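Counting with this note's numbering, you get residues 71 to 380 for the letters of the sequence shown.
Data block below; observations after.
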Amino acid sequence: MIMRTIEKQMSTYIPSIPHLSSEDIQGLQIYRIHDLDKTYIFHSYDELVKFKQLLTEEQYAILNFIGVHTSVRFNHLLYLFKNKFSRKKINNALQGLLYYQFIEKWQVEIFDMEIFEETYTLSNNGFKLLKYWQGNMFFFAPERLDNHGKYVHLRYWHDIDLLCHLRYAPSFLGHIMHPSISKGVFTPSLSFIINGGKERKFNFVVYSTLLSDQKDRLKRIIARWKTFVESGKDVIMQDLGNNPTILVIYVSTKKQAKQINNELLLDLIPGKVLLCIGESLHFQGLQHAFYQPLAEGEIKQLDTKLFIEN
């Protein structure tokens with residue numbers, strides 16, 4: 071009995087970097103590190119893109135995952151690939167990708183919380199290779215990372231943390247980053263599809279907002295969503311099917327959720343709108359992470375049976 075309990079606890083996702091307050095984010099440092107003495111030099115573009123055929127299964131799977139998800143921490147990879155690759159294979163794949171300069175390694179530090187971890191992004195080589203083989207996919211251009219600083223990492227970590235909770239839920243059917251969505255609606259960084267039972271499926275569109283975000287960004291997203299939905303059109307995402315679509319605003323704290331609801335009147339938007347709160351997600355799990363926006367800025371925690379995890 072004890073063994074089963076421990077196994078069940080271990081299967082639940084616990085983020086290696088917990089919810090961060092505004093003060094924590096101020097102390098967060100993310101910087102590139104180069105810890106290999108020698109790296110491989112490609113002499114032509116043709117040689118680079120054809121090198122895909124020489125990558126191992128683990129190397130290409132991890133390169134593609136990093137490319138699609140922009141900034142991926144080592145512990146994200148361990149959790150999401152735990153049923154596919156061993157820790158040793160993941161580590162070896164990363165070392166190979168670093169040697170061929172397909173990815174870049176970054177140090178993540180929060181001294182006050184004694185957090186020291188690595189995150190990985192595409193390098194210029196990796197970007198060129200993936201764009202050649204999967205030109206229709208969105209990959210965040212490496213040179214743009216420096217324009218956004220640490221905040222681009224934080225935004226994608228929100229999405230991946232949510233994905234880690236979703237990944238092994240029985241109802242989870244799949245996800246798409248930067249989906250092709252109905253014209254007139256802001257492209258979300260994350261969308262996913264859930265099996266609601268009785269041959270019903272639901273699409274979820276997730277807009278992640280940081281504590282440091284300017285209010286205008288989310289206002290524009292919500293205004294365009296509201297205008298589109300009020301026109302009577304269905305929000306459709308390519309490859310997810312024409313299913314009922316639920317708008318999700320991912321925020322870090324309950325306080326932030328109430329402020330956003332109070333300012334944007336989310337309860338008045340037609341259709342289904344939910345708030346996903348990071349601190350509830352990590353402490354109570356997926357089933358209790360979603361909140362319904364109510365009048366006057368109030369929110370109601372839901373017991374979401376759709377997301378009961380294994």
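No residue lacks a Cβ here, since even glycine has one placed at the ideal position from N, Cα and C.
All of these numbers come straight from a predicted model, not from anything done at the bench.
- The secondary-structure analysis by DSSP pairs Thr191 across a beta bridge with Glu174.
- Take the alpha-carbon of Ile132 and the one of Thr315: they are about 30 Å apart.
- The Cβ atoms of Gly254 and Phe298 sit closer than 8 Å to each other.
- Pairing Leu281 with Gln329 gives a Cβ-Cβ distance that is not under 8 Å.
- The residues Pro212, in chain order, have a CB closer than 7 Å to that of Asn194 in the same chain once the five nearest residues on each side in sequence are set aside.
- Taking the C-beta atoms as reference points, Arg143 is found no nearer than 8 Å to Glu174.
- By the C-beta density criterion, Ile264 is buried, having at least 16 other C-beta atoms within 10 angstroms.
- Counting only runs of 3+ residues, the beta strand (DSSP E) found wholly inside the region 78–164 occupies 98–103, in chain order.
- In the three-state reduction of the DSSP assignment, Asn313 falls in the coil class.
- Annotation: the region 224–280 contains no complete segment of the alpha helix (DSSP H) (minimum length 4 residues).
- Of the candidates Arg287, Thr191, Gln177 and Asn153, Asn153 places its Cα closest to the Cα of Tyr238.
- In this structure, DSSP gives Val299 a helical state, which the three-state scheme calls helix.
- Our two residues, Ile230 and Gln371, have alpha carbons roughly 22 Å apart in a direct line.
- In the three-state reduction of the DSSP assignment, Val222 falls in the helix class.
- Judged by their CB atoms, Leu167 and Gln204 are not nearer to each other than the 8 Å cut-off.
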